[in-house]
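K.L.:
Protein chains in written order, with the UniProt record's numbering: chain A, 1 to 600; chain B, 1 to 323.
What follows is a structure written as structure tokens; I'll ask about it next.
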Amino acid sequence: MNNSALNFSNSKDWHQPHAAAIFNELRAHLPDVRLTEASLLDNIRDDTATCWVDRQDLVTLMQVIRHELSMPFTLCFDITAIDETEREYRSEQVSDFTVSYHLVSPDRNQDLRIKVALTKDDKTIPSVCLYWPNANWYEREVWDMFGIVFQGHPHLTRILMPHTWQGHPLLKVHPARATEMDPFTLPAYKQDEEQEALKFQPEAWGMKRQHENTDFMFLNLGPNHPSVHGAFRIVLQMDGEEIVDCVPDIGYHHRGAEKMGERQSWHSYIPYTDRIDYLGGVMNNFPYVMAVEQLAGIQVPDRAKVIRIMTAEMFRILSHLLFYGTFAQDVGALSPIFYMFIDREKLFGIIEAFTGARMHPSWFRIGGIASDLPKGWNTLVREYVNYLPARLDQYEKMVMQNSILKARTQGIGAYSTQEAIDWGITGPGLRATGFAWDLRKQRPYSGYDQFDFDVPTGANGDCYDRCRVRVEEMRQSIRIIEQCLNNMPEGPYKAEHPQTTPPDKSKTMTDIDSLIPHFINVSWGPRIPAGEVSVAVEATKGIMAYHLVSDGSTISYRTRIRTPSFPHLQMIPVMARGQMVADLIATLGSIDYVMADVDR
Amino acid sequence: MPDNVIKLIQITIMLALLIPIAAMLVWVERRLIGIWQDRLGPNRVGPFGVLQSFADLLKILGKEDWVPPFADKLVFVLAPVIGAVCVLMSFAVLPFSPDILIADLNIGLLFFLAMASLAVYSVVLAGWASNSKYALLGGMRAAAQTVSYEVFMGLSLMGVVLLAGSFNLTEIVLAQQHGWFIQSQFVGFVVFFIAGIAESHRLPFDLPEAETELTAGFHTEYSGLKFALFFLGEYLGVTLISCMSVVLFFGGWLMPEPLDNWLPPFMWFVLKVSFFVVFFILLRTALPRPRFDQLLGFGWKVMLPLALLNLLVTALLSLLEVL
Chain A
1 MNNSALNFSN SKDWHQPHAA AIFNELRAHL PDVRLTEASL LDNIRDDTAT
51 CWVDRQDLVT LMQVIRHELS MPFTLCFDIT AIDETEREYR SEQVSDFTVS
101 YHLVSPDRNQ DLRIKVALTK DDKTIPSVCL YWPNANWYER EVWDMFGIVF
151 QGHPHLTRIL MPHTWQGHPL LKVHPARATE MDPFTLPAYK QDEEQEALKF
201 QPEAWGMKRQ HENTDFMFLN LGPNHPSVHG AFRIVLQMDG EEIVDCVPDI
251 GYHHRGAEKM GERQSWHSYI PYTDRIDYLG GVMNNFPYVM AVEQLAGIQV
301 PDRAKVIRIM TAEMFRILSH LLFYGTFAQD VGALSPIFYM FIDREKLFGI
351 IEAFTGARMH PSWFRIGGIA SDLPKGWNTL VREYVNYLPA RLDQYEKMVM
401 QNSILKARTQ GIGAYSTQEA IDWGITGPGL RATGFAWDLR KQRPYSGYDQ
451 FDFDVPTGAN GDCYDRCRVR VEEMRQSIRI IEQCLNNMPE GPYKAEHPQT
501 TPPDKSKTMT DIDSLIPHFI NVSWGPRIPA GEVSVAVEAT KGIMAYHLVS
551 DGSTISYRTR IRTPSFPHLQ MIPVMARGQM VADLIATLGS IDYVMADVDR
Chain B
1 MPDNVIKLIQ ITIMLALLIP IAAMLVWVER RLIGIWQDRL GPNRVGPFGV
51 LQSFADLLKI LGKEDWVPPF ADKLVFVLAP VIGAVCVLMS FAVLPFSPDI
101 LIADLNIGLL FFLAMASLAV YSVVLAGWAS NSKYALLGGM RAAAQTVSYE
151 VFMGLSLMGV VLLAGSFNLT EIVLAQQHGW FIQSQFVGFV VFFIAGIAES
201 HRLPFDLPEA ETELTAGFHT EYSGLKFALF FLGEYLGVTL ISCMSVVLFF
251 GGWLMPEPLD NWLPPFMWFV LKVSFFVVFF ILLRTALPRP RFDQLLGFGW
301 KVMLPLALLN LLVTALLSLL EVL
């Protein structure tokens, strides 16, 4: 075990490679395309290479980015839009709507943000589904939320909202509160309409009802089914017990988290983030507070950074333990989940001692954390660090070495690294294919570069390997927690910065210059300078990113949450074709998704 | 008193005992699994929660007797009854002790196998009559699974029949006075027990009702008393397979010399059966569930050859008068 002293003051934040190089490369390929680099007025506060391009040049540009560059941007990380109609701080490029493509090149370890401006009267843009298969759902979401039409999209229908929904909710003109709308009623005819809209029409998805000698059976798995882990529906086209094709249907857990971001103060939005990946607890706060800190230019003290890492790793263990148990249960082993719940219970006890809450502590704050560690915290953590590895050894025999479980999961639901990246898979699902892509190593944040840990990988990318990777990650998390324990820096747990929330109160009764900012920051919340930033962390289920746009106000102008589970579910049909129903259940279990993380 | 009346009284007593035993078994299972899974299990109704099953039974009796509008009414109602009746019928030929036996059939073992085969109809018909896709899949699985495993179950017992020279269960027990058949028929026992688990749809062979895949499989649409009958059938099935294991391979009520005087034969029988019942429960907590095709593959590729080999070797050794 590593006990050597770690020096967090050496820690350096990771930076993207220089933006100019990639733009020169693109211009060399496309001399005729007008690429406008983001200007100072665009207020991009992260170092992601950002440029504007005209709509008619988008497809040619994407062709180069995806296929013709020497190291192409293979991962479509996110596609989203911003309704700019009420934006005050805007560059000359900004029109009524902006569609923003966030692409990643794992080979370069670089991001690229492409922005396209659209006007209110012509909200159409070519689809990029041909280049990145996982763009499909992102484009459907943008259409659903903003009414932007993607030309050439294979199936542009609503994805998060019900098919009967009127309007596009993330438009600024769409009301965010029930008090701004008419009272909700559900007369009988409307109920019939809603039910009718939920009926599955195979023809709409290009599916056939018969084939030569067989009639296919369409089985509706979910949204209430013990193995879909939440309100998730998959319609299976089956020939006997074999799955011919399937259509995942999401949106049953949609709560409008992004819309709420435009209504809550920067500070009061933190509890909403906890409930995105509801098994991730403070892991959700992490990218959000880091994004706000980057907008405000807050430097977080070392102690806060290390405490953040420690609690985030605890939640990684909590989430993985639940995955481990439910995965075994999906394959039919009923007992492991109960043992793992005991381990989780002990860890929740520690979280409770730290934060006062268990699953959703909302404990990180802009500029630090809510409270310092309690007295005697290290005894609690030490006990747990010594306790868990022995339990994991037992589970190894009980679950991972069980021959029935191996027969059920090895070689099942397998995909290659290339397929994983094509479909936007991140996290353990990507590492199980043998590709060691972990943001904590590749792009260290919050001081992860000072820690000594390994990135476990699999080899086959099947259900078994996805479980194996998570099991090993728990051991690595224990290592990280142990290093936090042995090297916890002294000092403040909150930054001394005017926008730190809640602000420092100690001097408020002695001078008016402390009292007034305190009063304003507490009552209105901090006012964050105008800017745009995207911050990603290696969350429990993959890469989670917050893309925040501030218009210099006390609330966010646009909160975009890029969650890992969303693209993961999109890949289900690729894995499910040709499987038996039982294999599909094992595959679903191995993906480890949370519907709140998908639907937001 | 005429013989018929005595038989009727015996049957009544047997029923009055078996059904509460099945109900108690539910409680025993839940408590045991609770202990093995580091939790308590039902412990509130009565001392140690023993009355839990009866509370559940009361609740079930109070439920609406509902048949889904899309189901085939007659078959839907009949299916659970067939299941429970077939299992109960098998108990008629079981010798619990030298004196406690309802029907001393000379083809007792065949009667048991026949009833086990008939019990499949319960599951298949339930799956079909429910007119629901999940139930249908469960019914299909049950049909394939039970038909396959029936073959080896029958074959695995032929060794015992060879050795005892009779299909009569009492005679089979008595033939074990100088050594239980488990000694010579170990392979037969293993095959029989595995097939028995498959017949009673218990984990790891609970595919017809695999809740993570088919919600509840063939009984998805069932509720109230009709559901309770399925439940009763399953737990009686567990008891039955345990009883048959004891009768066929573990000497029934017999015990070796010094031990046989310690307890009455019936108690020894109960003790042995309890051991197997607990083993059933432990299996459920310990193992994951194989996939449907793996289960069938295992049956035809491993179990069938094993059962045949066992029969051949037993026959050969009997011919050579080694056994």
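For glycine and all other residues, C-beta sits at the position ideal for the given N, C-alpha and C.
Could you tell me which residues DSSP pairs with A/Arg-365 in its beta bridges?
P.N.:
A/Gly-368
K.L.:
Just to confirm, are A/Arg-45 and A/Gly-367 a CB contact at a threshold of 8 Å?
P.N.:
no
K.L.:
Answer with yes or no whether the minimum CB distance from B/Ala-135 to chain A is below 8 Å.
P.N.:
no
K.L.:
Go ahead and label residue 603 of chain A buried or exposed: buried means 16 or more other beta carbons lie within 10 angstroms of its beta carbon, across all protein chains shown.
P.N.:
Residue coverage of chain A in this structure runs from 1 to 600, which leaves residue 603 of chain A outside it and unanswerable.
K.L.:
Measure the alpha-carbon distance for A/Thr-508 versus A/Asp-274 and round it to whole angstroms.
P.N.:
31 Å
K.L.:
Could you check which residue in A/Glu-141, A/Gln-151 and A/Gln-579 has the C-alpha nearest to that of A/Leu-171?
P.N.:
A/Glu-141
K.L.:
For a cutoff of 8 Å on Cβ pairs, would you count B/Leu-287 as touching chain A?
P.N.:
yes
K.L.:
DSSP puts A/Phe-150 in a beta bridge; with which residues?
P.N.:
A/Ile-125
K.L.:
By Cβ distance, which residues of its chain are closer than 7 Å to B/Phe-218, with the 5 residues on each side in sequence left out?
P.N.:
Taking B/Phe-218 as the centre and dropping the five residues before and after it, the same chain places the C-beta of Val-123, Ala-126, Gly-127, Ala-135, Gly-138, Gly-139, Ala-142, Pro-208 and Glu-209 closer than 7 Å to its C-beta, in chain order.
K.L.:
Identify each residue in the stretch 216 to 236 of chain A for which the Cβ-Cβ distance to at least one residue of chain B is less than 7 Å, and report them in chain order.
P.N.:
Met-217, Leu-219, His-225, Pro-226 and Ser-227
K.L.:
Could you confirm whether any beta carbon from chain B is found closer than 8 Å to the beta carbon of A/Asn-2?
P.N.:
Confidence at A/Asn-2 is low in this model, with a pLDDT of 46, below 50, so its placement is unreliable and no value can be given for it.
K.L.:
Would the beta-carbon of B/Leu-25 fall within 8 Å of that of B/Thr-285?
P.N.:
no
K.L.:
Kindly say whether B/Leu-203, judged by its beta-carbon, lies nearer than 8 Å to any beta-carbon of chain A.
P.N.:
yes
K.L.:
Which stretch, first to last residue, makes up the beta strand (DSSP E) that contains A/Thr-98?
P.N.:
Segment 97 to 105, the beta strand (DSSP E) holding A/Thr-98.
K.L.:
Taking B/Trp-36 as the query, report the chain A residues whose CB atoms sit under 8 Å from its CB, ordered along the chain.
P.N.:
Within chain A, the residues near B/Trp-36 are Ser-335.
K.L.:
Please report the straight-line C-alpha distance between A/Ala-19 and A/Gln-56, rounded to a whole angstrom.
P.N.:
23 Å
K.L.:
With a 10 Å radius around its C-beta and 16 neighbouring C-beta atoms as the bar for buried, classify A/Ser-416 as buried or exposed.
P.N.:
Looking at its Cβ environment, which holds fewer than 16 other Cβ atoms inside 10 Å, A/Ser-416 is exposed.
K.L.:
First and last residue of the alpha helix (DSSP H) that includes A/Asn-213?
P.N.:
First-last for A/Asn-213: undefined, no H or E at that position.
K.L.:
Return no unless some Cβ of chain A is closer than 8 Å to the Cβ of B/Arg-291.
P.N.:
yes
K.L.:
Using 8 Å as the limit for Cβ to Cβ distance, is A/Asn-213 near chain B?
P.N.:
no
K.L.:
What residues of chain B sit near A/Ala-407, judged by a beta carbon separation below 8 Å?
P.N.:
The contacting residues are Pro-290, Arg-291 and Gln-294.
K.L.:
Using beta carbons (cut-off 8 Å, strictly below), is B/Arg-284 in contact with chain A?
P.N.:
yes
K.L.:
Please state whether DSSP places A/Glu-241 in a helix, a strand or coil.
P.N.:
coil
K.L.:
What does a CB cutoff of less than 7 Å around B/Ala-315 pick up in its chain, not counting 5 residues either side in sequence?
P.N.:
Leu-162
K.L.:
Does DSSP classify B/Asp-293 as helix, strand or coil?
P.N.:
helix
K.L.:
In the DSSP assignment, what are the bridge partners of A/Pro-248?
P.N.:
DSSP lists A/Ile-234 as partners of A/Pro-248.
K.L.:
What do you get for A/Thr-98, buried or exposed, if any count of 16 or more other CB atoms within 10 angstroms of its CB means buried?
P.N.:
buried
K.L.:
Could you check what DSSP says for A/Asp-465 in three-state terms: helix, strand or coil?
P.N.:
helix
K.L.:
If we ignore side chains and look at the alpha-carbon of each, how far apart do A/Tyr-288 and A/Phe-77 end up?
P.N.:
Approximately 17 Å between the Cα atoms of the pair.
K.L.:
Which residue marks the beginning of the beta strand (DSSP E) containing A/Leu-112, and which one marks its end?
P.N.:
110 to 118
K.L.:
Mind pulling the chain B residues with CB within less than 9 Å of A/Glu-396?
P.N.:
The contact set of A/Glu-396 on chain B, defined by CB atoms closer than 9 Å, is empty, because the minimum CB distance reaches about 15 Å.
K.L.:
Check for me: the beta strand (DSSP E) holding A/Met-544 runs from which residue to which?
P.N.:
Note, A/Met-544: beta strand (DSSP E), 543 to 550.
K.L.:
Nearest-angstrom Cα distance between A/Gly-222 and A/Pro-126?
P.N.:
33 Å
K.L.:
Between the Cα of A/Pro-301 and the Cα atoms of A/Gln-418, A/Thr-36 and A/Glu-496, which residue gives the shortest distance?
P.N.:
A/Glu-496
K.L.:
Could you give the DSSP three-state label for B/Pro-305: helix, strand or coil?
P.N.:
Looking at B/Pro-305 - three-state DSSP - the assignment turns out to be helix.
K.L.:
Run down chain A in chain order and give the residues with a C-beta less than 9 Å from the C-beta of B/Arg-31.
P.N.:
What B/Arg-31 touches in chain A: nothing, since even the nearest Cβ is about 14 Å away.
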